[in-house]
Structure formats: C-alpha cells, structure tokens
Amino acid sequence: MSDQESRLNDAGVRLAGAIAGDFFALLKPRVMALSVFTAFVGLVAAPGIINPAVAVTAILAIALGAGAAGALNMWYDADIDAVMSRTSRRPIPSGRVMPAEALGFGLVLSTLSVLALGMLAGYLAAALLAFTIFFYVVVYTMWLKRSTPQNIVIGGAAGALPPVIGWAAATGSVGLESVILFLIIFFWTPPHFWALALFKASDYATAGIPMMPNVAGEASTRKQILAYSLLLAPVGVAPWLSGFASGVYGLASATLGAGFVWYAWKALAAPDAGMRNAKALFDYSIVYLFAIFAVLLGDSIAARALS
C-alpha cells in the first residue's frame, strides 16, 4: 500500500469513527442510560421469573426506543439547540449530521425497537414503548416544550415510563408497584430540571423556551421546587409502605428523600448564594434517582435470592 493510499485509508477510518460517534450522540446516551437502568429495575422488581433472552431483548429494545426518541428530539430541536451554549455542539447544529439523516435514523430505530419488544416481550410492553416515544417527541418536544412553563411537569411522564415498560415486559401487566415507580420519576423531574433551568435561564431565554424561571421568576420556581420535593420524599418511600420493598429500602429512601428536601430548602432559603445551591440540588437530584433505584434493585435481587 502506497503512502497516499495509507493516508486516505486512515482518513476514512477517522471519518467513519466520527460519524459513528455523532450518530451515537444523537441517542442522548446519558438519558438513554437512565431509562435503561430504571427499566431494568422495573423488570427485576416484577414478580415471577422471566426468560433471560426475553429480558435482554427487552432491555435492548427499550434502549433503542429511548435513543430513537432522543434522536427525533434533536432533529426537531436543532434550531434552538444551535443558540444554547449547553447544546450548540450537538451533531445537528454543529453540522456533523444532517437533519434528514437524524430523522430517518430516529424513525428506523423507533420502528425496530417497538417491533422487537412486541414480538419477544408482549404487545403491552411494545404499546407502552411506542406511546413513550410518541409522547416525548410529539407531545413534549413539538408542543409542550415551546408553549408552556409546565412543559417539564407534563412531559416528565415520558421519562417516568421506562420502569413500567420493564414491569410489563416481565409480567404482561401494569401493577400498582410499577405505577409507584412511575410516580417517583414523575415527581422527581420538575425539581431536577427546574434546578438546571435556574442556572441556565439565559440559555432558555435566548432560545425562547418558556422554562419556569423565565416565566414565573426565580423566587416562584424555588418555591415550586420545594413543593415538588416535599411530594417526592414520601412517594420515594412508597415501595416500602406498599409492601414490595424491605425496611432497608424504606430507611435508605427516607434518608435520600430528606436530603432532597434539604437541598431544595437551601435553594429557597438562601437565594443570595447565587446559583451554587441550585447547582448543588441539580447534582444531588441525579444521585438521588440513581441511588433510590439502585437500592431497590439490590433489594429485589436479595428478595429473589431468599425466596
């Protein structure tokens, strides 16, 4: 191979790697990972024994569906992503992926994920996944996000559905337990995203997105964050109160919930600390959701081992 051919081959490899990385970024991997994790917890916490092959297929299909929703969200939001510092380097506004490519990519993955889940894990789980993608892309991204400061509250239902899908894949039904898991994420979403919106308010203002701090003001947003945190804390303990998690989970979730309320109170009571307290709440909210589902996962695995 000549030096010129070698250089062209190396350039082709680098270009292919960049393209693969850009399409992977369209999937919103961090959001996808959270969806997959909570869906996996829902699947493991569900009663009965699920075929391992079905379980793996279900998780992969949910991952593809979550990624597809992210790609379609980036396709539609490319205009506002381009003017926000947090999102301007995403693949579409930076020109690394064309909008039509992202649209086709998202639609193909959506179809494949729903079909795979339906064939191997049941039509209820597939219908829930299809509804989740539709709700996130059409109801939240295309409608709510640009029209109301309640966008995160209502739109949060899409992000709260993965554990219900996991539960449905395992049992073929939707039980009270899975609804409780849904409610944990649903009540977690507003304080999590409004904390982010507090220290990214200028970004949302530039993009014309009516996030709560830009519409109702910072003081009102901080009060609403505290209100939702007070609702979240007991909901987080509900798996123990309803009897499908142990006292270990109950103690851990109560402690984590108290911490969430404490951070929310600090964000309300000490606004003069700038955005430091809002950033601290945002960081803690990520720890909270991961920790509470991780404890529930461990609790469920221990219960299966002892049964």
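Numbering (our numbering), first residue to last: 292 to 598.
Cβ atoms here follow ideal geometry from the backbone N, Cα and C, with glycine treated the same way.
Can you list the beta strand (DSSP E) stretches of 3 or more residues lying completely in the stretch 368 to 412, in chain order?
Within the stretch 368 to 412, no complete beta strand (DSSP E) run reaches 3 residues.
So for residue 341, helix, strand or coil by DSSP?
Residue 341: coil per DSSP, three-state reduction.
Are the stretch 534 to 551 and the stretch 449 to 464 in contact at 8 Å, needing three or more beta carbon pairs?
Result no; under three Cβ-Cβ pairs closer than 8 Å.
Of all the options 365, 377, 405 and 419, which has the alpha carbon lying nearest to the alpha carbon of residue 393?
Looking at the Cα atoms, 365 is the closest of the given residues.
Flag this pair as touching only if the stretch 332 to 341 and the stretch 454 to 474 have three or more C-beta atom pairs under 8 Å; answer yes or no.
Judged by Cβ distances under 8 Å, the stretch 332 to 341 makes contact with the stretch 454 to 474, as three or more pairs qualify.
Cβ of residue 538 less than 8 Å from any chain C Cβ?
The structure shown has no chain C; it contains just one protein chain.
Taking DSSP as the reference, what is the three-state secondary structure of residue 458?
Helix.
Alpha-carbon to alpha-carbon, residue 327 and residue 347
Roughly 11 Å separates the two Cα atoms.
What did DSSP end up calling residue 516 once you bin it into helix, strand or coil?
Correct three-state label for residue 516: helix.
Close Cβ partners of residue 573 (< 6 Å) along its chain, the five nearest in sequence each way excluded:
486 and 487.
Integer Cβ distance of residue 358 from residue 411, believed to fall under 8 Å:
Incorrect: roughly 18 Å between the Cβ atoms, too far for contact.
Here's the rule: buried if 16 or more other CB atoms are within 10 angstroms of the residue's CB, otherwise exposed. What is residue 579?
Burial check for residue 579: the Cβ neighbour count within 10 Å reaches 16 or more, so the residue is buried.
Determine the DSSP secondary structure at residue 295, reduced to helix, strand or coil.
In this prediction, residue 295 has a pLDDT of 46, which is less than 50 and means its spatial position is unreliable; what the coordinates show is noted afterwards. Shown here, residue 295 sits in a helix according to DSSP, grouped into three states.
Alpha helix (DSSP H) runs wholly inside the stretch 528 to 576, at least 4 long, in chain order
You should have 538 to 560.
Are the stretch 489 to 503 and the stretch 371 to 390 in contact at 8 Å, needing three or more beta carbon pairs?
Flag = yes, the stretch 489 to 503 and the stretch 371 to 390 touch.
Whole alpha helix (DSSP H) runs in the stretch 426 to 476 with 4 or more residues, listed along the chain?
Unbroken alpha helix (DSSP H) runs of no fewer than 4 residues, entirely contained in the stretch 426 to 476, are found at 442 to 451 and 453 to 462, following chain order.
Of the residues 418, 475, 350 and 429, which one's Cα is nearest the Cα of residue 361?
Of the listed residues, the one whose Cα sits closest to residue 361 is 429.
Return yes when the Cβ of residue 480 is within less than 8 Å of the Cβ of residue 516, no when it is not.
Taking the C-beta atoms as reference points, residue 480 is found no nearer than 8 Å to residue 516.
Suppose contacts are defined by Cβ-Cβ distances below 8 Å. Is residue 550 in contact with residue 528 by that definition?
Contact: no.
Residue 389 burial status per 10 Å Cβ neighbour count (16 or more: buried)
Per the 10 Å Cβ criterion, exposed.
Let me confirm a value: residue 455 is counted as buried when at least 16 other C-beta atoms fall within 10 Å, else exposed. Which label applies?
By the neighbour-count definition (other C-beta atoms within 10 Å, threshold 16), residue 455 is a buried residue.
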